[in-house]
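Undergrad: Residue numbering for the sequence shown follows the numbering used here, beginning at 6 and increasing consecutively.
We put the CB at the ideal spot given by N, CA and C, even for glycine.
Shown below is the structure under consideration.
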Amino acid sequence: MPTPSVALLYPGDRAARDRSDPGESRFSQLFEAFASAGIPASPAVYHDDFEGEVEAQLREVRLVLVWSNPIEGGRTRARLDAMLRRIADGGVMVSTHPDTILKLGTKDVLFETRDLPFGSDVHCIDSLAQMEEELPARLRQGARVLKQHRGHSGIGVWRVEAVDSTLTAMKVRHAQRGCMEETLTWPELAERMSPYFEAVNGGHMIDQEWQPRLVEGMVRAYLVEDRVAGFGVQSVNALFPAEPGGAPPAPGPRLYHAADLPQFQELKRLLEDRWVELLRQRVRLSRGRLPLLWDCDFMRGQRSSAGPERFVLCEINVSSVSPFPPSAVGPLVGAVQRRLQAGE
């Protein structure tokens with residue numbers, strides 16, 4: 006059997022690693038596509054407990070595709086990222102490289118791109134003192150969304166709205182699934198936000214204006230390098246203002262579509278012709294360091310009745326882009342093939 010050229014790294018326990026069965030993983034379709042293209046690929050089931058074993062495996066391949074959330078099972082990616090940097094330094098292609106994640110995959114990208122066509126009113130808050138000084142004036146203009154430096158699944162994302170102009174109380178909702186709206190005093194809000202300003206959690210928060218049209222849903226554009234490979238459309242309502250004492254409605258399913266979905270062709274054109282390039286230049290990322298697979302979440306922004314649709318960036322996902330539409334499989338395999346050939 007040929008030595009694998011590609012490894013797919015994803016989290017799992019000892020038993021899953023011992024089996025290393027491509028058919029039981031959520032990437033079975035991708036493994037099949039690599040096999041059909043003549044590219045040997047193997048699972049690299051990862052856990053910090055057997056980090057060295059995985060590192061030895063990855064040193065034998067030419068390219069590794071990584072799926073691992075910033076926080077997985079209560080652990081951060083610190084050890085994983087250090088290991089990925091070591092193997093990259095040794096000549097293995099890593100997508101997505103930890104340095105690329107820091108440029109694209111944290112909420113800081115919203116601040117870095119705030120003045121670009123897909124940007125919005127965004128501020129970086131470096132301390133609780135700064136939050137207490139600056140946030141009240143912005144809350145008097147409308148609701149805000151506070152986001153921790155790095156996370157997933159709505160963890161550390163908070164909608165905050167003043168009850169009245171005195172700001173003696175705020176309506177607050179955490180985007181993590183199942184959380185209910187609360188009414189907090191200013192000291193209570195500061196206490197709730199304080200962990201996000203600790204160095205281990207990034208040491209700062211991003212403050213983005215609330216987009217009222219979020220109630221119309223979110224569109225996720227999946228990209229392979231700088232080309233759109235599909236879309237995901239979902240009613241994301243974890244931050245919807247609620248009835249008093251009410252829980253948020255359950256999120257709708259994410260519906261996956263190919264890149265030719267008619268209603269988002271203008272978004273596709275903007276991303277491919279201009280926006281990805283603007284983003285890449287702004288965060289100082291070479292084209293060769295673009296993720297092989299990534300996605301951008303967009304909200305619908307405010308617009309005039311006669312104006313074109315406006316899309317506002319909500320976040321970029323590069324750490325663990327899964328699931329993804331079937332239409333992305335072929336372009337992803339093709340991009341991997343090109344990078345392997347370029348590295349020969």
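Who pairs with F357 in a beta bridge, going by DSSP?
TA: Any question about residue 357 goes unanswered here, given that the chain covers just 6 to 349.
Undergrad: So what does DSSP say about A333, is it helix, strand or coil?
TA: As a position in the sequence shown, residue 333 is number 328, starting the count at 1. In this structure, A333 counts as helix in the three-state DSSP scheme.
Undergrad: Cα-Cα, which of I321, Q346, T188, Q135 is closest to D113?
TA: The residue labelled residue 113 in the question sits at position 108 within the sequence shown. Of I321, Q346, T188, Q135, the residue nearest in Cα terms is I321.
Undergrad: Is the region 87-101 touching the region 119-139, taking contact as three or more C-beta pairs under 8 Å?
TA: no
Undergrad: So, E230 versus L297, is the Cβ gap smaller than 8 Å?
TA: One-based indexing of the sequence shown puts residue 230 at position 225. One-based indexing of the sequence shown puts residue 297 at position 292. Taking the C-beta atoms as reference points, L297 is found nearer than 8 Å to E230.
Undergrad: Could you name each continuous beta strand (DSSP E) segment of 3 residues or more that falls completely within the region 107-151, going from the start of the chain to the end?
TA: 127-130
Undergrad: Using the rule of at least 16 other Cβ atoms within 10 Å of the residue's Cβ for burial, across every protein chain shown, is V79 buried or exposed?
TA: On the sequence shown, residue 79 is found 74 positions in, with the first residue counted as 1. What sits at residue 79 in the sequence shown is Gly, not Val. Exposed is the call here.
Undergrad: My output table needs one value for F236: the three-state DSSP class, helix, strand or coil.
TA: For the purposes of this step, residue 236 is identified with residue 231 of the sequence shown, where counting begins at 1. Three-state DSSP puts F236 in a strand.
Undergrad: Are I44 and V323 closer than 8 Å when you measure CB to CB?
TA: As a first step, residue 44 must be located in the sequence shown, where it is residue number 39. As a first step, residue 323 must be located in the sequence shown, where it is residue number 318. No; because the gap between Cβ atoms is not below 8 Å, this pair is not in contact.
Undergrad: For the region 252-299, list the alpha helix (DSSP H) runs that are entirely contained and at least 4 residues long, ordered along the chain.
TA: 270-275, 281-287
Undergrad: Mark M6 as exposed unless 16 or more other C-beta atoms lie within 10 angstroms of its C-beta, in which case mark it buried.
TA: Taking the sequence shown and counting its residues from 1, the one referred to as residue 6 is at position 1. Note on M6: pLDDT 43, under 50, position unreliable in the model; no value is reported.
Undergrad: Output needed for V281: all residues of its chain with C-beta closer than 6 Å, excluding positions within five of it in sequence on either side, in chain order.
TA: Translated into the one-based positions of the sequence shown, residue 281 becomes position 276. Cβ neighbours of V281 beyond the five flanking positions: D231.
Undergrad: Roughly how many whole angstroms lie between the Cα atoms of P330 and P336?
TA: Along the sequence shown, one-based indexing puts residue 330 at 325. Along the sequence shown, one-based indexing puts residue 336 at 331. Computed Cα separation, rounded: 11 Å.
Undergrad: Does the Cβ-Cβ distance between R90 and P103 come in under 8 Å?
TA: Within the sequence shown, residue 90 is the residue found at index 85, counting from 1. Within the sequence shown, residue 103 is the residue found at index 98, counting from 1. Yes, the pair counts as a contact, with Cβ atoms nearer than the cut-off.
Undergrad: Would you list, in sequence order, the uninterrupted beta strand (DSSP E) runs of no fewer than 3 residues that lie entirely inside the region 179-225?
TA: As far as the region 179-225 is concerned, its whole beta strand (DSSP E) runs of at least 3 residues are 187-189, 210-214.
Undergrad: Use the C-beta contact count for L260: other C-beta atoms within 10 angstroms, 16 or more gives buried, fewer gives exposed.
TA: The sequence position of residue 260 within the sequence shown is 255, counting from 1. L260 is exposed by the Cβ-count criterion.
Undergrad: Spatial neighbours of A49 within its chain, please: CB distance less than 7 Å, with the 5 preceding and 5 following residues excluded, ordered by chain position.
TA: Here residue 49 refers to the residue found at position 44 when the sequence shown is read from its first residue. A12, L13, L14, V59, Q62, L63, V69.
Undergrad: For L85, does the three-state DSSP call read helix, strand or coil?
TA: Against the sequence shown, residue 85 aligns to sequence position 80. It is helical.
Undergrad: What would DSSP say about A46, mapped onto helix, strand or coil?
TA: Start at 1 with the first residue of the sequence shown, and residue 46 comes out as number 41. Looking at A46 - three-state DSSP - the assignment turns out to be strand.
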